[in-house]
Amino acid sequence: MTATLDRHVGTQHRAAVDLQGVGKVFGRGTSAVTALTEVDLRVQPGEFVVLLGASGCGKTTLLNLVAGLDQPTAGAVTVDSGRPAVMFQEPALLPWLDAGRNVELPLRLAGVGRAARRARAAELLDLVRLGGLARKRPHELSGGMRQRVALARALAATSSGTDAEGGLLLMDEPFAALDAITRDFLQGELQRIWQATGAAVLFVTHDVREAVRLGQRVVLLSSRPGTVVREWDLAAAGTDREELSEEITGRLREVISTHARA
Amino acid sequence: MPVPEVVSDTQSADTAAVGAGLDALDTPTEARKPVLRRVLATWLPPLIALVLFISVWQAVWASAIYPEYQLPAPLAVWQEFAGTVVDGSIWGIVWVSLHRAVLGFLTSVVVATPLGLLVAKVPVVRAAIGPLLAGMQSLPSVAWVPAAVLWFGLTDTTIYFVVLLGAIPSIANGLVSGIDQVPPILPRVGQVMGAGRIDSARLILLPAALPGYIAGCKQGWAFSWRSLMAAEIIATSPQLGIGLGAYLKQGSDFNSMPGVIAAIFLILLVGVGVELLAFRPLERRVLRARGLATAP
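Read top to bottom, the protein sequences are chains E and W. Heads up: the first sequence is residues 1 to 262, going by our numbering. Heads up: the second sequence is residues 1001 to 1296, going by our numbering.
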C-alpha cells in the first residue's frame, strides 16, 4: 500500500483537474469563514478520486470551485476537460420532461441537433440500463432509477463538449439519499459505467466504505477549514480494501476528534 | 494507469437481474379508476346537491312565507330563462359579456406576464411595486368603476379598464409566486450545464413556474369575470349593448325577480363553465405530467 501526499505521476499529459494551493474564504473581516485552505489535488484523465470528509470539510465548496460555480480566493483551479458535469444528492430532474428529454437537455443547451441528441440520449439510457423508459416521467420512476437518469444526463453533459475525451464527472454524495440495497447496486453500476466511458470522476462522500469501494484514490479532508490530510492509493497492487477501510476510518475519527478539543 | 478488476460476465448478469428487480419493486404504481366510476364520482354529488337545493327552494316558495316578488317559483325562473333561449336573445347577451371578458383576460395576460417576470426577477422592482401588486388583489374592482366612468365616460374603455385592473394583479402575482416556488436546485442544474440567462429562463425557470402561473391565470379569469359584471351593472348605456350585467340590472329595474335570478344563474354558469372547460383540463394536464395531480 502506498500513501503519498505528493503525487506527480503522469505529468506528461495534462490532468483533468488541477488544484494548486486553493483556498476559499466566505465573507469578510471578523465574520469571515475559511472553508478551504491550501488544497492541492490532481485528478488524471480517467481517474476515479474520492474526497472523504466529515461535515464542514468544504467538500461541496470544493466541487463548486471545480464546476466553475464559484471562484477561489486563493490558488488556482485548472479544469482541462471542457465543462465538467455535476451530479447532486437529489436527482434534480426537470419534472415536466420525460427521462429522455432530461438526458437530452445538456445536448440541447450545447446546440446539438434533435436527431443526434435523441440518439445519444437513447444510448446513454441504455448504458444506465433504462433503455425503453425514455418516455417515462420522473414521478413514474423509482428513486434509484431517477438517480440513474441523472447519471445519464451528467454523462451527456460531459460528452457534449468538443474535445472532451472521457470528460469529467463531479458527484456530490449522489447516493446518500438512497436505501442501502439501491445504493449498493448503484455503486456497482457507477463502477461499470466509469470503466465503460473512461470519464474522470471526482466523487464526494462521507461514507468510508463507499470511498474504499469506488475510489482508485481516496483523499481525506479535514474540517473547518478543509484541507487535504492524507491520500491513499487503492489502485496499487495488493491493496486490502477491508484493512484500508479500517485504517481510513481510524484516521477520520482522529480528524473529527481534534475538533472537540479545539 | 492501473485498472480495477474487471467485472466478470456472470457477475454483470447478476447485477442486471438485481437492478431489474429493484426497478420493478420500487417503481410507483398508478391505479386509475374505470371511466364510468370516475364520471359518476365527479358528476353525481353536485347533481344531488342541485336537486336538493331546488327542492328546498320549491318547498319554501310553496309555504308562501315570502311574497312572490321576492321569492319566485323555480318554474317561473326557468320560464324566464327558457324565454330568452327561445327568442334567441340569450346568445347576444352572453356573447356581449363573454367576448369582453375573454378579450380583457387575454390583454391582462399580455400585460401581466412581463410585469410578473420583472417583479419576480428584479429586486428593485419587487421592492417598489411588489406589495402594491399584492394589495391590489384585495381591492374590489367595483371601486374603480366610478373613477373609470368619470375618466372615460360610459364607453367600452371604462369596462376594459375595470376588467384589466381586476385581472392583472392576480395573473402577475400568480407568476411571481410560481417563480418563487421553483426549487433552487433546478436553476443550479441549468447553471452547471452552462445555460445562459435566456436559455435558463426559457427551458427551466418558466416551465418550472408554470403551475403557479396557471393558478394565477385561473384566478385572473375569475377576477376579470367579476370585474366585468360589476362594470356592466353600474355602467349601463344603450351604446354599450346588453351584456349579462345589464340584463341583471334590467331585471332589477323592472322589478322582475325571475329575471334577476335567471341573470345571476347565467353569470354563474358562464364563469364556472369557462373554468371547467378551459382552465381545469389545462391545469390537470400540467399537474399530472409532473405527478402533482391528486384527484382522479
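Beta carbons: idealized from backbone N, C-alpha and C, even for Gly. What you are looking at is a predicted structure, and each value in this text was computed from that prediction instead of being measured.
Which residue's Cα is closest to the Cα of residue i: the options?
{"i": "P84(E)", "options": "T182(E), T158(E), A76(E)", "result": "T158(E)"}
{"i": "P174(E)", "options": "V77(E), P106(E), V149(E)", "result": "V149(E)"}
{"i": "A152(E)", "options": "I181(E), H139(E), W96(E), E189(E)", "result": "E189(E)"}
{"i": "L1205(W)", "options": "P1187(W), H1099(W), A1147(W), N1173(W)", "result": "P1187(W)"}
{"i": "P138(E)", "options": "L124(E), L94(E), R108(E), A121(E)", "result": "L94(E)"}
{"i": "L981(W)", "options": "V1051(W), G1104(W), L1117(W), A1049(W)", "result": "Because chain W spans 1001 through 1296 in this model, residue 981(W) falls outside it and cannot be assessed."}
{"i": "D279(E)", "options": "P225(E), R253(E), Q147(E), L234(E)", "result": "Residue 279(E) lies beyond the range of chain E shown here (1 to 262); nothing can be said about it."}
{"i": "S245(E)", "options": "E231(E), L214(E), P225(E), R209(E)", "result": "R209(E)"}
{"i": "T1029(W)", "options": "L141(E), G111(E), A199(E), A92(E)", "result": "L141(E)"}
{"i": "A92(E)", "options": "V255(E), A67(E), A154(E), D207(E)", "result": "A154(E)"}
{"i": "R1197(W)", "options": "K1121(W), Q1239(W), A1127(W)", "result": "K1121(W)"}
{"i": "P1184(W)", "options": "F88(E), R108(E), D179(E)", "result": "F88(E)"}
{"i": "D126(E)", "options": "R114(E), A74(E), G100(E), R213(E)", "result": "G100(E)"}
{"i": "S1256(W)", "options": "P1067(W), R1280(W), Q1219(W), L1150(W)", "result": "P1067(W)"}
{"i": "T1027(W)", "options": "G143(E), G167(E), E90(E)", "result": "G143(E)"}
{"i": "R42(E)", "options": "P72(E), G58(E), A236(E), T78(E)", "result": "T78(E)"}
{"i": "V1111(W)", "options": "V1163(W), G1083(W), P1074(W), V1086(W)", "result": "V1163(W)"}
{"i": "S55(E)", "options": "T205(E), A16(E), T37(E)", "result": "T205(E)"}
{"i": "G1166(W)", "options": "W1225(W), V1060(W), G1251(W), A1082(W)", "result": "W1225(W)"}
{"i": "G68(E)", "options": "A1024(W), G1021(W), W1095(W), V1189(W)", "result": "V1189(W)"}
{"i": "L1266(W)", "options": "S1141(W), E1080(W), V1125(W), L1044(W)", "result": "E1080(W)"}
{"i": "D179(E)", "options": "A1017(W), D1014(W), D1023(W)", "result": "D1023(W)"}
{"i": "V1102(W)", "options": "I1048(W), S1227(W), S1089(W), G1178(W)", "result": "S1227(W)"}
{"i": "L1075(W)", "options": "P1281(W), G1259(W), T1042(W), L1287(W)", "result": "G1259(W)"}
Assuming residue i is part of the beta strand (DSSP E), what are its boundary residues?
{"i": "F1254(W)", "result": "Where F1254(W) is concerned, there is no enclosing beta strand (DSSP E), given that its DSSP letter is neither H nor E."}
{"i": "Q20(E)", "result": "17-26"}
{"i": "T34(E)", "result": "33-43"}
{"i": "R230(E)", "result": "228-233"}
{"i": "A200(E)", "result": "200-205"}
{"i": "G75(E)", "result": "74-79"}
{"i": "A85(E)", "result": "85-87"}
{"i": "M1193(W)", "result": "Unbroken run through M1193(W): none, as it is neither H nor E."}
If we define contact as Cβ-Cβ less than 9 Å, is residue i a contact residue for chain W?
{"i": "A67(E)", "result": "yes"}
{"i": "H8(E)", "result": "At H8(E), the pLDDT of 44 sits below 50, so the modelled position is not reliable; the number obtained from the coordinates is stated separately. Taking Cβ atoms only, chain W never reaches closer than 9 Å to H8(E), which makes this a no."}
{"i": "W232(E)", "result": "no"}
{"i": "A164(E)", "result": "Legend: pLDDT at A164(E) = 47, less than 50; position of this residue unreliable, no value from coordinates given."}
{"i": "M171(E)", "result": "no"}
{"i": "F175(E)", "result": "no"}
{"i": "P72(E)", "result": "no"}
{"i": "A211(E)", "result": "no"}
{"i": "A99(E)", "result": "no"}
{"i": "R28(E)", "result": "no"}
{"i": "P225(E)", "result": "no"}
{"i": "A157(E)", "result": "yes"}
{"i": "A110(E)", "result": "yes"}
{"i": "G113(E)", "result": "no"}
{"i": "L141(E)", "result": "yes"}
{"i": "G132(E)", "result": "no"}
{"i": "L51(E)", "result": "no"}
{"i": "I248(E)", "result": "no"}
{"i": "G144(E)", "result": "yes"}
{"i": "R137(E)", "result": "yes"}
{"i": "I181(E)", "result": "yes"}
{"i": "T2(E)", "result": "Residue confidence is low: T2(E) scores 44 on pLDDT, short of 50, so the model does not pin down where it sits. Its coordinate-derived value is still stated next. Taking Cβ atoms only, chain W never reaches closer than 9 Å to T2(E), which makes this a no."}
{"i": "L252(E)", "result": "no"}
{"i": "L127(E)", "result": "no"}
Please confirm whether residue i has its beta-carbon closer than 9 Å to some beta-carbon of chain E.
{"i": "P1183(W)", "result": "yes"}
{"i": "P1281(W)", "result": "no"}
{"i": "A1289(W)", "result": "yes"}
{"i": "T1194(W)", "result": "Checking the sequence shown, residue 1194(W) turns out to be Gly, not Thr. Judged by the 9 Å Cβ criterion, G1194(W) is in contact with chain E."}
{"i": "G1092(W)", "result": "no"}
{"i": "R1188(W)", "result": "yes"}
{"i": "D1026(W)", "result": "yes"}
{"i": "V1286(W)", "result": "yes"}
{"i": "D1087(W)", "result": "no"}
{"i": "V1018(W)", "result": "yes"}
{"i": "L1228(W)", "result": "no"}
{"i": "P1296(W)", "result": "Any reading at P1296(W) must be qualified, since the residue scores a pLDDT of 46, below 50, and its modelled position is unreliable; the value itself is stated next. Closer than 9 Å: no."}
Mind reading off the beta-carbon distance from residue i to residue j? Whole number of angstroms is fine, and I expect it under 8 Å.
{"i": "E47(E)", "j": "R217(E)", "result": "7 Å"}
With respect to the alpha helix (DSSP H) encompassing residue i, which residues constitute its N-terminal and C-terminal limits?
{"i": "A1062(W)", "result": "1035-1062"}
{"i": "V50(E)", "result": "Note, V50(E): premise wrong, no alpha helix (DSSP H); beta strand (DSSP E) at 48-52."}
{"i": "L141(E)", "result": "Run containing L141(E): none; DSSP gives neither H nor E here."}
Can you tell me whether residue i sits near the ligand PLP, meaning its C-beta is under 8 Å from at least one heavy atom of the ligand?
{"i": "T205(E)", "result": "For the ligand PLP, the structure offers nothing, since it holds no ligand at all."}
Item checked: Residues, ordered as in the chain, of the region 1231-1247 of chain W that lie near chain E by beta-carbon distance below 7 Å -> Hits within the stretch: zero.
Checklist line | Residues in the region 84-95 of chain E having any Cβ partner in chain W nearer than 9 Å | finding: Here the close residues are P84, A85, V86, F88, E90, A92, L93, L94, P95.
Check: If contact means a Cβ-Cβ distance below 8 Å, which residues of the region 1191-1225 of chain W contact chain E?
Finding: From the region 1191-1225 of chain W, only Q1191, V1192, M1193, G1194, A1195, D1199, L1203, I1204, P1207, A1208, L1210 have a Cβ closer than 8 Å to chain E.
Next item on the list: Please list the residues of the region 1108-1133 of chain W that have a C-beta atom closer than 7 Å to any C-beta atom in chain E, keeping them in chain order.
Entry: Shown here is that no member of the region 1108-1133 of chain W has a Cβ falling below 7 Å from a Cβ of chain E.
Next item on the list: With 8 Å as the limit, tell me which residues of the region 183-197 of chain E have their beta carbon closer than that to any beta carbon of chain W; keep them in chain order.
Entry: Cβ contacts with chain W: F185, G188, E189, Q191, R192, Q195.
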